[in-house]
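Protein chains in written order, with my numbering: chain A, 56 to 338; chain B, 3 to 186.
We put the beta carbon where it would ideally sit given N, CA and C, even for glycine.
Note sheet for the following structure.
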Amino acid sequence: MKQLEIEYKNAISLEVPDLWNRIEAGIDEYEATKKTDNISYIKEETKKEEKTNRVNSKKVIAYIGRISAAAVCLILAIGAFNLMRGSKNTAEMATSDAPATADFAASEASDEAPAMEEYAAEAEAEEYSDTYEMDEATAPSEASESAIQNAEGSSGKDTLSYKNGLRSESEELTNAIDNQNAVESLMSAVECDKDQALKMLLSLTIAGIDEPSDFALAAEEIEDVDEVKLLAGYGDDTLRISFTDKEAKEYLMYLNKNTDYTIDILAIVRADGSAEMIYKKEK
Amino acid sequence: MTEAAFDACIQKILNGDKSGLKEIYDAYLSYIYQIVYGVVGRKEDAEDITSDFFIKFWQQADKYKSGSGHKGYLATMARNMAIDHLRKFKREVLDSFSADEEEGPVFEPAAKEDTENEVIEDIGIKEAIERLNPKEQQIINMKVLADMTFAEIANELKVPMGTVTWRYREAIKKLRRYGYYETA
Chain A
56 MKQLEIEYKN
66 AISLEVPDLW
76 NRIEAGIDEY
86 EATKKTDNIS
96 YIKEETKKEE
106 KTNRVNSKKV
116 IAYIGRISAA
126 AVCLILAIGA
136 FNLMRGSKNT
146 AEMATSDAPA
156 TADFAASEAS
166 DEAPAMEEYA
176 AEAEAEEYSD
186 TYEMDEATAP
196 SEASESAIQN
206 AEGSSGKDTL
216 SYKNGLRSES
226 EELTNAIDNQ
236 NAVESLMSAV
246 ECDKDQALKM
256 LLSLTIAGID
266 EPSDFALAAE
276 EIEDVDEVKL
286 LAGYGDDTLR
296 ISFTDKEAKE
306 YLMYLNKNTD
316 YTIDILAIVR
326 ADGSAEMIYK
336 KEK
Chain B
3 MTEAAFDACI
13 QKILNGDKSG
23 LKEIYDAYLS
33 YIYQIVYGVV
43 GRKEDAEDIT
53 SDFFIKFWQQ
63 ADKYKSGSGH
73 KGYLATMARN
83 MAIDHLRKFK
93 REVLDSFSAD
103 EEEGPVFEPA
113 AKEDTENEVI
123 EDIGIKEAIE
133 RLNPKEQQII
143 NMKVLADMTF
153 AEIANELKVP
163 MGTVTWRYRE
173 AIKKLRRYGY
183 YETA
């Protein structure tokens, strides 16, 4: 009696061939393929990385280009808008001031000669340059005082102002021209040019915008201010004036003192950039 | 081979040392070949699959978990590879089993009652197995060489387990007549 399982397994074992050489060859082939695959993988990864870098740099350049184009468009649009606004103001001021000047000239013609002489004497009393030349270190109160003096009675070489309305016909013609100059000066003050601002104040004074209003409040509110943006009312229109240095305080004081038109302080940005104050001051 | 010796061989393989695989090959080549042959039933296929088995074992040595019983691990892996091969390339064998089932099981008496225990011829086991029909050969190979259960065989051959057991019994009866008895 023979056991099936044992006999059969033994018989099969006897016919098992030697497969080691095949197996060893297969392992060598596998290892070689593995190395090749690794090298290929590394090469592919390197290529992919290079391609990605190229694409990324292109994207960055395109992005910068788009931003630049947008910025240029914005600048052009703002410039065009400001130009349109400026020309509109100039035209409106010229038309609105013409009848007033004529009426004023007619009434002035009936004034007495002694009044004119008195005015001339006062005008000679002070030099024009002493009135508006401001030192940078001048305190706000001193600046406002000099502005008040300027408004109350000062004479320049080419312009004259007089708050009591004692003006000659030739002076009124000069004022009409200076109203336009005031607008232009206000516009140029956007660049925070102190000289231009002073000219602007003088022009405002000449134009009769000379009533002080809420000076103390404005002076307190803008302590330690890095930037002041305000809207100075002028006629029916407004002009935006931006000051970016600490002298903005001084300029604002002048404006507050010398105009009875609407002044809106749009934003006061403090040194840390966190605080913002907005208030409106109307006539 | 002990578990410790097998683990040492695995470590060698992981270090790229072929001697580790060679030791396993020497110890288990016959065992693996029997299992594979038991499933596929053809010498050429069994050789190919056995070679592939050792190459695959080299590639996946890191997946072996120490202490899980290496002999069972090898047997399962070899059986699965052989079954995969059978499913891919031996579809016709499976189809033949399915065709039988469509027609209903065929009961072929192995021998008459009075002669089934009688040894009629003294032949070698290989020759005796070859005298069985192909379906019986496959079931005997799977059961005896590959150590598969009847349920596993039925599942792989897509036939009812009753048919598998009946064919196995018939094959055993025939082999008994050549002097080969099932181990108790």
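Neighbours of Phe152(B) across chain A, judged by C-beta separation under 9 Å, do not exist; the nearest C-beta is about 16 Å away. One Cα belongs to Ile61(A), the other to Thr78(B), and the distance between them is close to 21 Å. Contact with chain B is found for Tyr85(A), since one of that chain's Cβ atoms lies less than 9 Å from the residue's Cβ.
For Gln58(A), the three-state secondary structure derived from DSSP is strand. Cβ contact annotation for Lys145(B) (same chain, cutoff 7 Å, sequence separation greater than five): Ile155, Tyr170, in chain order. Under the Cβ criterion of 9 Å, Tyr96(A) is not counted among the residues facing chain B. When DSSP states are grouped into helix, strand and coil, Tyr66(B) belongs to the coil group.
In this structure, the alpha-carbon of Leu59(A) lies about 10 Å from that of Ala66(A). Interface residue (Cβ-Cβ distance to chain B less than 9 Å): Gly81(A) is classified as such. Among the CB atoms of chain B, one or more fall inside 9 Å of the CB of Lys57(A). At a beta-carbon threshold of 8 Å, none of the residues of chain A lie near Tyr66(B); the nearest stands roughly 16 Å away. The three-state secondary structure of Tyr182(B), taken from DSSP, is strand. At a Cβ-Cβ threshold of 9 Å, Ile57(B) and Ile78(A) count as neighbours.
With fewer than 16 other Cβ atoms from the protein chains shown falling within 10 Å of its own Cβ, Val115(A) counts as exposed. The beta carbon of Met83(B) sits closer than 6 Å to those of Ile51, Phe55, all from its chain and outside the five residues before and after it, given in chain order.
Chain B places a beta carbon closer than 9 Å to that of Arg77(A), counting this residue as a contact. Bounds of any alpha helix (DSSP H) do not take in Val71(A), whose DSSP letter is neither H nor E. The count of Cβ pairs closer than 8 Å, one atom from the segment 162-181 of chain B and one from the segment 123-134 of chain B, reaches three, so the stretches are in contact. CA-to-CA, the gap between Glu129(B) and Val41(B) works out to about 18 Å. At a cut-off of 9 Å, the C-beta of Lys160(B) has no neighbouring C-beta in chain A. For Ile57(B), the neighbours in chain A by C-beta distance under 7 Å run, in chain order, Ile78, Gly81, Ile82, Tyr85. Using a 10 angstroms sphere on the CB of Asn135(B), the tally of other CB atoms stays under 16, which defines it as exposed. Contact annotation, Leu147(B) with Tyr27(B): C-beta distance approximately 19 Å; criterion of less than 8 Å not satisfied. Residue nearest to Gly74(B) within the set Lys175(B), Asp149(B), Ala153(B), Thr185(B) is Asp149(B) (criterion: CA-CA distance). Residue contact check for Trp168(B) against chain A: no CB pair falls below 9 Å. Put simply, the backbone Cα of Ala117(A) is about 14 Å away from that of Ala126(A). Listed in chain order, the non-local C-beta contacts of Ala173(B) below 7 Å within the same chain comprise Leu134, Glu138, Ile141, Ile142, local neighbours out to five positions each way being set aside. Residues of chain A whose Cβ lies closer than 7 Å to the Cβ of Gly71(B) do not exist, since the nearest Cβ in that chain is about 20 Å away.
Within chain A, the residues Tyr63, Ala66, Ile67, Glu70 have their CB atoms less than 9 Å from the CB of Lys128(B), given in chain order. Identification of chain B residues near Glu60(A) by a Cβ-Cβ cut-off of 8 Å yields Val146, Glu184, Thr185, ordered along the chain. Neighbours of Leu31(B) in chain A, taken as residues at a C-beta separation under 9 Å, are given in chain order as Ser68, Val71, Asp73, Leu74, Trp75.
From the beta-carbon of Gln61(B), the residues of chain A found nearer than 8 Å are Tyr85.
For Glu49(B), the C-beta contacts it makes with chain A under 7 Å involve Pro72, Leu74, in order along the chain. Assignment of Ala130(B) by DSSP, reduced to helix, strand and coil, places it in the helix class.
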